[in-house]
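Numbering (the working numbering), first residue to last: 18 to 361.
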C-alpha cells in the first residue's frame, strides 16, 4: 500500500508540520503502516519530550508512537525530508507557516493541509496558498483534507472517514495523497469540490457553538436538530454565493463534519457553546478549554463575509452577537425564534 506513494528519493513518505493533537494523530496514522513519517514541532523542548517519551503527552497521552514516526524541531529538515508535506496548524497560523516553509520548498514537492477555516480576510486557504507561492518559479501541487475527525479516535485506530480535494490540475496528487493517508481504519475519499470542502470545515465550527449553546440552555434534542439543519442551510447559501456546489456540502466535509462537531463533547466548539449556554463568560470558557477553538475566530470572519455577499445567516449572526457583542444566549435564542416565518 505505502510503496505506491513513497518516493524513495526522499527519506520520509510524509512530513507533518504541526504537532498539535490533529497533526500528531495524522502522523501516527500514516506511520502505523510502517512508512517513515517526520513530525515537526515548533518548540524544541516539546519535540525533544515527544522523541524521548514516544508520545504526545500534552494532547494524546498514552498513545505510543510507531517506530517509523520521528520528531524534529528543525523546519528546514522537515520541509526537505519528504516529497509530500502536510500542514496541520490553526487557521490563524496558516499564513506564517507558509511564509516560513516557502524558503525551503523545492520543485517536485507537493503540499496538503488539514487546517480548517478561512483566512482572516475571508479567503479560502487554497487562494492564500496560491498568493503566498505566486513568486516561486515552479508550481506546487496542493490538496486539502477535511472531514469528521476527532484526533484521539483517529490516533487510537478507530474507524474514520474523511475527504480530500484539490484543483483540477492537481488531480494526480489528490489520488496519491488519498492512497498515502489511507489505512485499514482510515478511509480517505476524493472530493471534486475544493471550495465546499474548505468552507464546510470553517462554518461547521460556528454552528457547533450554537448547538452547544442550545443544549447548555436546556432546549433539548428537537432544538439541537433544528439548529443543525438550518445551520447546514446557512453553510450551503454562503457556499453557493462563493462558487461552491450545493451537492458539495452533502458529504463528509460538510454534513458529516457538521454532525460530528455539533453532537459530541470532544468538540471544543460545542463545549464552548455549552458553557456559554450555562452562563459562563466567553473568556472564562476559552481559558478552561485551553486549546484553540476555531469557531470563536471563524464567526468573526464568516459573518462579515456573509454580510458583504448579502447572504442571510441568522444563526451565525446571533452567535457573533453572543461572542463579540456579549449578548445573552437566551436573548439570542429568543430573537432566532421570533424571526418571520419563511419557507424551508
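We put the beta carbon where it would ideally sit given N, CA and C, even for glycine.
Small disclaimer: the values here were computed from a predicted structure and weren't measured.
Check, Outcome
"Same chain, Cβ closer than 7 Å to residue 99, five either side skipped, listed in chain order", "27, 29, 30, 31, 32 and 55"
"Through-space distance from residue 121 to residue 145, alpha-carbon basis", "18 Å"
"Three-state secondary structure (DSSP) of residue 189", "helix"
"Three or more C-beta pairs below 8 Å linking the stretch 241-255 and the stretch 270-284", "yes"
"Inter-residue spacing [alpha-carbon to alpha-carbon] between residue 200 and residue 45", "11 Å"
"Reduced DSSP category for residue 19 - H, G, I as helix; E, B as strand; rest coil", "With a pLDDT of only 40 at residue 19, under 50, the local geometry of the prediction cannot be trusted, and the value read off the model is given with reservation. If DSSP states are grouped into helix, strand and coil, residue 19 belongs with coil."
"Proximal residues to residue 210 (C-beta, below 7 Å), its chain only, five neighbours per side dropped", "182, 261, 262 and 265"
"Ordered list of alpha helix (DSSP H) runs contained in the stretch 235-263, each at least 4 residues", "237-258"
"The stretch 222-240 touching the stretch 175-193, judged by at least three CB pairs closer than 8 Å", "no"
"Spatially closest choice to residue 85 from 101, 74, 114 and 50, by CA coordinates", "50"
"Residue span of the alpha helix (DSSP H) that contains residue 289, given as start and end", "285-294"
"Of the residues 223, 161 and 216, the one placed nearest residue 206, counting alpha carbons only", "161"
"Residue 180 beta carbon near the ligand GTP (any heavy atom closer than 8 Å)", "Judged by which ligands are present, the structure shown has none, so any question about the ligand GTP falls away."
"The stretch 225-234 touching the stretch 171-180, judged by at least three CB pairs closer than 8 Å", "no"
"Nonlocal neighbours in the same chain, by C-beta distance under 6 Å from residue 284, ignoring five residues either side", "225 and 278"
"N-terminal and C-terminal residue of the beta strand (DSSP E) that residue 32 is part of", "31-34"
"Among 124, 137, 142 and 123, the one whose alpha carbon lies nearest that of residue 131", "142"
"Closest Cα partner of residue 311 within the set 114, 136, 53 and 87", "136"
"Contact check, residue 315 vs residue 213, beta carbons under 9 Å", "no"
"Local Cβ density within 10 Å of residue 101, reported as buried at 16 or more and exposed below that", "buried"
"Coil, strand or helix - residue 207 by DSSP", "strand"
"Residue 275 beta carbon less than 9 Å from that of residue 229", "no"
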